[in-house]
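Before any comments, here is the structure.
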Amino acid sequence: MTGYYSPASILTESQKVRTTFELALDSQLSATLNNGNAIEPGTQIHLPIWLGQFLHVSEPGGVGTGSIASVDMPNALGKRVINAMSADPKSVDVRAQAQYFYGLAEKMLETQVNDELSDCLIDSFKQRSLEIADKAQNLRQTQKTGGSDEFLRGCDDTEVMVYKSAHEATKAVKAFFDAESHRL
1 MTGYYSPASI
11 LTESQKVRTT
21 FELALDSQLS
31 ATLNNGNAIE
41 PGTQIHLPIW
51 LGQFLHVSEP
61 GGVGTGSIAS
71 VDMPNALGKR
81 VINAMSADPK
91 SVDVRAQAQY
101 FYGLAEKMLE
111 TQVNDELSDC
121 LIDSFKQRSL
131 EIADKAQNLR
141 QTQKTGGSDE
151 FLRGCDDTEV
161 MVYKSAHEAT
171 KAVKAFFDAE
181 SHRL
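Heads up, the final residue of the sequence shown is numbered 184 in the UniProt record's numbering, and it's a clean run with no missing numbers.
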């Protein structure tokens, strides 16, 4: 993600995740968060990531006393998706999981340490980036097969940015060599 005020960052942080409350909340706050219903320990509510993370790191009784709530890993980053990505990263339609899939993963890994998830996502991104760069550089082949739009539909916004950057870089290198060849 590019920055705090970027649309991608704002949209990523507004995605909802299941939040499980560890403590009871007073009635005024419960009314705001849970449509007027009481929030007791164990209550689960889908909240935006930014709010879930805030409640997760908040320890009202002081350091080491426990957080207000825990944030559950969303289905987009669940075991089924991670197993599929481990088996064949290119076969997973990450946009169908979440439009900002890698941004969502980044946000979730800020509050939850999960080395298996982190390693899988890094390896998957590397493998998918190779294919993305190949498609961006071999535009003629992609246009013949008509696969460019279809391919990009399965990519999340981070991968689309990688594709556009690789495509622009390829065009710039071609323009450079075309200009240099005229000088000789």
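Beta carbons: idealized from backbone N, C-alpha and C, even for Gly.
The model shown is predicted, which means the values in this text are computed figures rather than measured ones.
Short check: CB of residue i to CB of residue j, under 8 Å?
i: Ile68; j: Pro60; result: yes
i: Pro89; j: Arg128; result: yes
i: Tyr100; j: Ala8; result: yes
i: Ser70; j: Thr12; result: no
i: Val17; j: Pro74; result: yes
i: Ile132; j: Ala169; result: no
Give the range of the beta strand (DSSP E) segment to which residue i is assigned.
i: Leu47; result: Gln44 to Pro48
Report back the beta-carbon spacing between residue i and residue j to the nearest angstrom; my notes put them in contact at under 8 Å.
i: Leu121; j: Ala136; result: With a Cβ gap of about 21 Å, Leu121 and Ala136 do not count as contacting.
i: Ala84; j: Ala98; result: About 14 Å separates the two Cβ atoms, so there is no contact after all.
i: residue 206; j: Gln53; result: Residue coverage of the chain in this structure runs from 1 to 184, which leaves residue 206 outside it and unanswerable.
Looking only at its chain, what residues have a beta carbon closer than 7 Å to the beta carbon of residue i, apart from the 5 residues adjacent to it on each side?
i: Ser124; result: Met85 and Pro89
i: Ser14; result: Pro48
Could you give the residue range of the alpha helix (DSSP H) that holds residue i?
i: Ala8; result: Pro7 to Glu13
i: Val17; result: Not the alpha helix (DSSP H): Val17 falls in the beta strand (DSSP E), residues Lys16 to Phe21.
Apart from the five residues on each side of it in sequence, which residues of its chain come closer than 6 Å, Cβ to Cβ, to residue i?
i: Val94; result: Phe101 and Asp156
i: Leu55; result: Ile68 and Ala69
i: Ser6; result: none
i: Thr158; result: Tyr102
Grab me the residues of residue i's own chain with a C-beta within less than 8 Å of its C-beta, minus the 5 sequence neighbours each way, in chain order.
i: Pro41; result: Phe21, Glu22, Leu23 and Ala24
Report task. Give, in chain order, every unbroken run of the alpha helix (DSSP H) that is at least 4 residues long and sits entirely within the UniProt domain "GINS subunit" (80-173). Result -> If we require 4 residues or more, the alpha helix (DSSP H) runs fully inside the UniProt domain "GINS subunit" (80-173) come out as 94-97, 101-111, 115-137, 139-145 and 148-153.
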